[in-house]
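Protein chains in written order, with the working numbering: chain A, 1 to 136; chain B, 1 to 136; chain C, 1 to 136.
Think of the CB as a built atom: it goes at the ideal place given N, C-alpha and C, for glycine as much as any other residue.
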Amino acid sequence: MLGTMSRSIPVSTRSRSEFIDITATVDDVVKASKIKAGLCHIFVPHTTAAVMINENADPSVHSDILRWLDKHVPAGAGYAHSEGNADSHIKSALIGPEKTVPVENGELRLGSWQGIYFCEFDGPRPRKVIITVSER
Amino acid sequence: MLGTMSRSIPVSTRSRSEFIDITATVDDVVKASKIKAGLCHIFVPHTTAAVMINENADPSVHSDILRWLDKHVPAGAGYAHSEGNADSHIKSALIGPEKTVPVENGELRLGSWQGIYFCEFDGPRPRKVIITVSER
Amino acid sequence: MLGTMSRSIPVSTRSRSEFIDITATVDDVVKASKIKAGLCHIFVPHTTAAVMINENADPSVHSDILRWLDKHVPAGAGYAHSEGNADSHIKSALIGPEKTVPVENGELRLGSWQGIYFCEFDGPRPRKVIITVSER
Numbered sequence: 001m002l003g004t005m006s007r008s009i010p011v012s013t014r015s016r017s018e019f020i021d022i023t024a025t026v027d028d029v030v031k032a033s034k035i036k037a038g039l040c041h042i043f044v045p046h047t048t049a050a051v052m053i054n055e056n057a058d059p060s061v062h063s064d065i066l067r068w069l070d071k072h073v074p075a076g077a078g079y080a081h082s083e084g085n086a087d088s089h090i091k092s093a094l095i096g097p098e099k100t101v102p103v104e105n106g107e108l109r110l111g112s113w114q115g116i117y118f119c120e121f122d123g124p125r126p127r128k129v130i131i132t133v134s135e136r
Numbered sequence: 001m002l003g004t005m006s007r008s009i010p011v012s013t014r015s016r017s018e019f020i021d022i023t024a025t026v027d028d029v030v031k032a033s034k035i036k037a038g039l040c041h042i043f044v045p046h047t048t049a050a051v052m053i054n055e056n057a058d059p060s061v062h063s064d065i066l067r068w069l070d071k072h073v074p075a076g077a078g079y080a081h082s083e084g085n086a087d088s089h090i091k092s093a094l095i096g097p098e099k100t101v102p103v104e105n106g107e108l109r110l111g112s113w114q115g116i117y118f119c120e121f122d123g124p125r126p127r128k129v130i131i132t133v134s135e136r
Numbered sequence: 001m002l003g004t005m006s007r008s009i010p011v012s013t014r015s016r017s018e019f020i021d022i023t024a025t026v027d028d029v030v031k032a033s034k035i036k037a038g039l040c041h042i043f044v045p046h047t048t049a050a051v052m053i054n055e056n057a058d059p060s061v062h063s064d065i066l067r068w069l070d071k072h073v074p075a076g077a078g079y080a081h082s083e084g085n086a087d088s089h090i091k092s093a094l095i096g097p098e099k100t101v102p103v104e105n106g107e108l109r110l111g112s113w114q115g116i117y118f119c120e121f122d123g124p125r126p127r128k129v130i131i132t133v134s135e136r
């Protein structure tokens, strides 16, 4: 019998664009599942947000990524979409709404410098992330 | 015993670049699988196409995303690849050829505004999408 | 009882930026797993590398993709991150650190023109790729 776990976790964002570290939250779900080896899927049910895995040490990496996105996908640059957040949708499409991470020895098998980030591109808003852990 | 289902579904595209809503098709495979909880993987076996999850309501979001891609990855801009579709390969690499979506209560656990799209970047062509549903 | 397999494979890169074909390596893990149908997950535990699925025939496609990334995410362009590899992190975020591929008849169900590539954006370095095969 395979262990399984799926959880919907609330995330509160505070700015129009920001990356929020959800690594500990995801790891808590992995540990609660008691699954020792498998995969963990992280999904945002939103069209102006994303999930990114990247640098967990120097916060300037995040500001560089956000600045690159803002420069290359500027807000309010003559888009057809009337809600003023076309750039947010494009950023979400580029970074992507989901990632999968291996689970080993009952925890996320991330690299030393990797963290998991909720990417807000049209906040602040109450958001959700859906975490599914599957045993191999 | 886990329920399982894998299906290869034909998709016909009509333009060089377009997004085709395949949400209902994917949901039909999920329902046919009778799997109640798990994950659904959507894969395109093509190098000039992609799978995107984004806005399902206002079609202007799609035209904004396509226009952004055409502006930043223009066709015929001095590429080395001789087939005239280097831009299509780059767009495919940026959006990505596959996505995974949670399954809950026997259906796709998408957000209210999310749809699943086959992204054609070098059509029109007959294409395929491979859908795999796994029980947790 | 489900078959399972997870392997960590070393990858040696030789340039600052390059794509290394790991398709045969991934397929070897699939075959060693003896899993006939399921999914194969390919993950890089690094923040300046990525996994891409794209053209396996004409190498000019890869040079076009690398050139596009270098043009749009130039190295040393006034980033805040002090290690000189902010561009590598941004490229990693755009292409993404992981991909999932269907497994059918005991092998990767890739399209005819698809290969799996380790994307180095801050080499040369010794790297790793973690391959997980799950039976459906």
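message: Against chain B, which members of the segment 46-63 of chain C pass a CB distance test of less than 7 Å?
response: M52, I53, N54, E55, D58, S60, V61, S63
Members of the segment 119-132 of chain C that neighbour chain A once the beta carbon cut-off is set at 7 Å: Residues passing the 7 Å Cβ filter: I130, T132.
query: Hey, K99 (chain C) and V30 (chain C): beta-carbon distance below 8 Å or not?
result: no
message: Counting only Cβ pairs nearer than 7 Å, list the residues of chain B close to K99 (chain C).
response: E98
message: Is there a C-beta anywhere in chain C that falls below 8 Å from the one on Y79 (chain B)?
response: yes
task: Leaving out five residues on either side along the sequence, give the residues of the same chain with a beta carbon under 6 Å from the beta carbon of V101 (chain A).
output: C40, L108
task: Can you tell me which of the three DSSP states R125 (chain B) falls into?
output: When DSSP states are grouped into helix, strand and coil, R125 (chain B) belongs to the coil group.
- prompt: Quick one, are the C-beta atoms of H89 (chain A) and E120 (chain B) less than 8 Å apart?
  reply: no
- prompt: Leaving out five residues before and five after M1 (chain C) in sequence, what residues of the same chain have Cβ atoms less than 7 Å from its Cβ?
  reply: Low per-residue confidence applies at M1 (chain C): pLDDT is 40, beneath 50, and the placement is therefore not dependable enough to give any value.
field: Rounded separation between D70 (chain C) and A80 (chain C) - CA only
entry: 18 Å
- prompt: Would a check of beta-carbon distances place H72 (chain A) closer than 8 Å to chain C?
  reply: yes
message: Taking CB distances under 8 Å as the criterion, tell me whether L94 (chain C) reaches chain B.
response: Output row for L94 (chain C): interface = yes.
query: When you compare only the Cα positions, how much space is there between K36 (chain A) and A93 (chain B)?
result: 32 Å
query: A32 (chain B) versus chain C: which residues are under 9 Å apart at the beta carbon?
result: Result: empty, since nearest Cβ-Cβ is about 14 Å, beyond 9 Å.
message: Relative to the C-alpha of P59 (chain B), which candidate in B:V44, B:V26, B:I20 has its C-alpha closest?
response: B:I20
query: Going by beta carbon distance, what residues of the same chain come within less than 8 Å of S15 (chain C), once the five residues before and after it are set aside?
result: E120, G123, P124
message: Comparing C-alpha positions only, which one of A:A32, A:I53, A:D64, A:P126 sits nearest to G96 (chain A)?
response: A:I53
- request: Report back the beta-carbon spacing between S12 (chain B) and P126 (chain B) to the nearest angstrom; my notes put them in contact at under 8 Å.
  value: 6 Å
field: Closest by C-alpha distance to D27 (chain B), when choosing among B:L110, B:H62, B:R136, B:G78
entry: B:L110
field: Inter-residue spacing [alpha-carbon to alpha-carbon] between G78 (chain C) and A86 (chain C)
entry: 9 Å
field: C-beta neighbour in chain C for M1 (chain B), strict 8 Å
entry: Because the pLDDT of M1 (chain B) is 40, which lies under 50, any placement of that residue in the model is unreliable, and the number read from its coordinates should be weighed accordingly. With 8 Å as the cut-off, M1 (chain B) does not count as an interface residue toward chain C.
message: Run through chain A and tell me which residues come within less than 7 Å of I65 (chain B), C-beta to C-beta.
response: For a Cβ distance threshold of 7 Å, residue set H89, I90, A93 of chain A lies close to I65 (chain B), ordered along the chain.
- request: Following the continuous beta strand (DSSP E) through R7 (chain B), name the residue where it begins and the one where it ends.
  value: 4-12
- prompt: Which class does K99 (chain B) belong to by DSSP, given the choice of helix, strand or coil?
  reply: strand
- prompt: Going along the chain, which residues of its own chain have a beta-carbon closer than 8 Å to the beta-carbon of S63 (chain B), five neighbours each way excluded?
  reply: none
message: So if DSSP puts W53 (chain A) in a beta bridge, which residue, or which two residues, is it bridged to?
response: This sequence places Ile at residue 53 (chain A); Trp is not what is there. Answer is A:I116.
task: Please check the pair S134 (chain A) and R136 (chain B), which I expect to be a contact at CB under 8 Å, by giving their CB distance rounded to whole angstroms.
output: Contact holds; Cβ gap of about 5 Å.
- request: From the DSSP output, in three-state form, read off H140 (chain B) for me.
  value: One cannot answer for residue 140 (chain B) here, as it falls past the ends of chain B, which runs 1 to 136.
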